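> This structure is in structure tokens; I'll ask about it shortly.
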Amino acid sequence: MEKARKLLLVINPRSGKGQIKNRLLEILNIFIQAGYQVQVHITQQPGEAKQVVSQAGEGMELIVCSGGDGTLNETISGMMELEKMPQLGYIPAGSTNDFAASLKIPKQMTAAALAAVNGESYLIDIGSFCGEKYFVYVAGFGAFTEVSYLTSQDKKNLLGHQAYVLEGVKSLASIKTYSMKVEWEDHTCEGDFIFGMVTNTISVGGFKGLVNQDVSLCDGLFEVLLIRMPKTPLELSGIVSSLLLKDEKSELVCKFKTRSLTFQCDEPVDWVLDGEFGGSCSQVSLENLYRRIEIRRNVPKNEKKKKFVE
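Here the sequence shown stands for residues 92 to 401, where the numbers follow the working numbering.
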């Protein structure tokens, strides 16, 4: 008799109004029929997914997590501590699910479970934050970034994208500037910035227009966006136009691609990693870890495979 392959299923029960409880038996049945011996862990508090994966993930062939982007971040952070890297499956259940959207992982839970066991595997880049933490799709600071981790899970479940907008409007009057020096490759950029994000995704906060660069999830490059402080309504309008329209340029908006970069600031800056608080630092180094995680997903028939594997 063929030995059963081991699968660890990590579930955040609060994500997405707890919808997974209505599909759990179907999901487990899919995994068992695919020949897996399933170990289930339901998290009770933040940070638990990382701990469980780092402790129980060794020897697993496949680790599947269900939750939002924060749960995915914790799962991958735990996987990065394992000696032998298992493959990853993702059943999105959060309010935004940016990375799942970028990978075109199905929104429907049973379809995502099928993709986790039957889908094709893709190697994707992972971001390293100061050599100690990881991010899957975005590291950011400044205006609105705090919204994702200050907005309660209940409010996210109730309002979805509107939660970010509502909380963001509250912080408009108190936008803070950060005097920073940013270095990458042979380039240096200095100034007063109100926002910055280092991404490996097509969608951020449910919006695709913010990145506005040709994005590959496995090319070893980050897409970086920095916004300087506008001094007039006209400058603010120019920033908005630059973000929404690809051809519009603004001296206050800086976009580039790089494998690594550093930020230096005179004061500690709060950073957000995949929608969760990542720490307060005055010096930050970010590095792209090329094709470090192998994730399973379906490939739409009309999508060229080379987009994700080259």
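Note that CB positions come from ideal geometry on N, CA and C, so glycine has one too.
Quantities reported herein were computed from a predicted structural model and do not represent experimental measurements.
Since ILE196 contacts ARG388 with CB under 8 Å, what's their CB separation in whole angstroms?
Within the sequence shown, numbered from 1, the residue matching residue 196 stands at position 105. Within the sequence shown, numbered from 1, the residue matching residue 388 stands at position 297. Yes, they are in contact, since the Cβ atoms of ILE196 and ARG388 sit about 5 Å apart, within 8 Å.
> Relative to the alpha-carbon of GLN135, which residue among ILE154, GLU149, ILE102, ARG114 has its alpha-carbon at the smallest distance?
Locating residue 135 in the sequence shown gives position 44, counting from the first residue. Residue ILE102 is the option with its Cα nearest to GLN135.
> Can LEU163 and TYR181 be called in contact, C-beta distance under 8 Å?
If you number the sequence shown from 1, residue 163 lands on position 72. If you number the sequence shown from 1, residue 181 lands on position 90. Taking the C-beta atoms as reference points, TYR181 is found nearer than 8 Å to LEU163.
> Can you give me the C-alpha to C-alpha distance between GLY148 and LEU312, rounded to a whole angstrom?
By 1-based counting over the sequence shown, the position of residue 148 is 57. By 1-based counting over the sequence shown, the position of residue 312 is 221. Their Cα atoms are separated by approximately 28 Å.
> Are there 16 or more other CB atoms within 10 angstroms of the CB of PRO183, so buried, or fewer, so exposed?
Locating residue 183 in the sequence shown gives position 92, where the first residue counts as 1. Looking at its Cβ environment, which holds 16 or more other Cβ atoms inside 10 Å, PRO183 is buried.
> According to the Cβ coordinates, are TYR225 and SER219 closer than 8 Å?
One-based indexing of the sequence shown puts residue 225 at position 134. One-based indexing of the sequence shown puts residue 219 at position 128. Yes, the Cβ-Cβ distance between TYR225 and SER219 is below 8 Å.
> Does DSSP classify ILE318 as helix, strand or coil?
Taking the first residue of the sequence shown as position 1, residue 318 is located at position 227. In this structure, ILE318 counts as strand in the three-state DSSP scheme.
> Our contact map puts GLY159 next to SER186 with C-beta atoms below 8 Å; I'd like the distance itself, whole angstroms only.
Residue 159 sits at position 68 when you count from the first residue of the sequence shown. Residue 186 sits at position 95 when you count from the first residue of the sequence shown. Confirmed, about 6 Å.
> Below 6 Å CB to CB, which residues in the same chain sit around ASP310 once its five sequence neighbours on both sides are set aside?
The sequence position of residue 310 within the sequence shown is 219, counting from 1. None.
> By how many angstroms is the C-alpha of GLU367 removed from the C-alpha of PHE232?
Position 141 of the sequence shown, counted from the start, is the residue given in the question as residue 232. Position 276 of the sequence shown, counted from the start, is the residue given in the question as residue 367. Distance between the alpha carbons of PHE232 and GLU367 is about 11 Å.
> So the candidates are ILE215, THR268, MET320, ARG350; which of them puts its Cα closest to the Cα of VAL289?
Translated into positions along the sequence shown, residue 289 becomes position 198. Per the Cα distances, ARG350.
> Can you give the Cα-Cα distance for CYS156 and GLY169, rounded to whole angstroms?
Locating residue 156 in the sequence shown gives position 65, where the first residue counts as 1. Locating residue 169 in the sequence shown gives position 78, where the first residue counts as 1. Between CYS156 and GLY169, the C-alpha separation is close to 12 Å.
> Please classify ASN188 as buried or exposed, where buried requires at least 16 other C-beta atoms within 10 Å of its C-beta.
Counting from one through the sequence shown, the residue named residue 188 turns up at place 97. Result: buried.
> Quick check: the Cα distance between GLU326 and LEU343, rounded to an integer number of angstroms?
Position 235 of the sequence shown holds residue 326. Position 252 of the sequence shown holds residue 343. Cα to Cα, the separation comes out at about 8 Å.
> For a quick check, are the C-beta atoms of ASP361 and VAL227 less than 8 Å apart?
Start at 1 with the first residue of the sequence shown, and residue 361 comes out as number 270. Start at 1 with the first residue of the sequence shown, and residue 227 comes out as number 136. It is not a contact, given that the beta carbons lie outside the stated cut-off.
> Are the Cβ atoms of ASP216 and LEU352 separated by less than 8 Å?
Here residue 216 is taken as the residue at index 125 of the sequence shown, counted from 1. Here residue 352 is taken as the residue at index 261 of the sequence shown, counted from 1. No; because the gap between Cβ atoms is not below 8 Å, this pair is not in contact.
> Apply the 10 Å Cβ neighbour rule to LYS112 and answer buried if 16 or more other Cβ atoms are within range, or exposed otherwise.
The count along the sequence shown starts at 1 and reaches residue 112 at position 21. The residue is exposed, with fewer than 16 neighbouring Cβ atoms inside 10 Å.
> Please classify ILE143: does DSSP put it in a helix, a strand, or coil?
For this step, residue 143 is matched to residue 52 along the sequence shown. Here residue 143 turns out to be Val, not Ile, going by the sequence shown. Three-state DSSP puts VAL143 in a helix.
> Quick one: what's got a C-beta closer than 8 Å to TYR127's C-beta in the same chain, skipping five residues either side?
Stepping through the sequence shown from its first residue, residue 127 is reached at position 36. Result list for TYR127: ALA95, ARG96, LYS97, LEU98, GLU152, LEU153, VAL208, in chain order.
> For GLN253, count neighbouring Cβ atoms within 10 angstroms of its own Cβ and tell me buried if that reaches 16, exposed if not.
As a working mapping, residue 253 is identified with position 162 in the sequence shown. For GLN253, the pLDDT reaches just 49, beneath the cut-off of 50, and the residue's location in the model is therefore unreliable, leaving the point undetermined.
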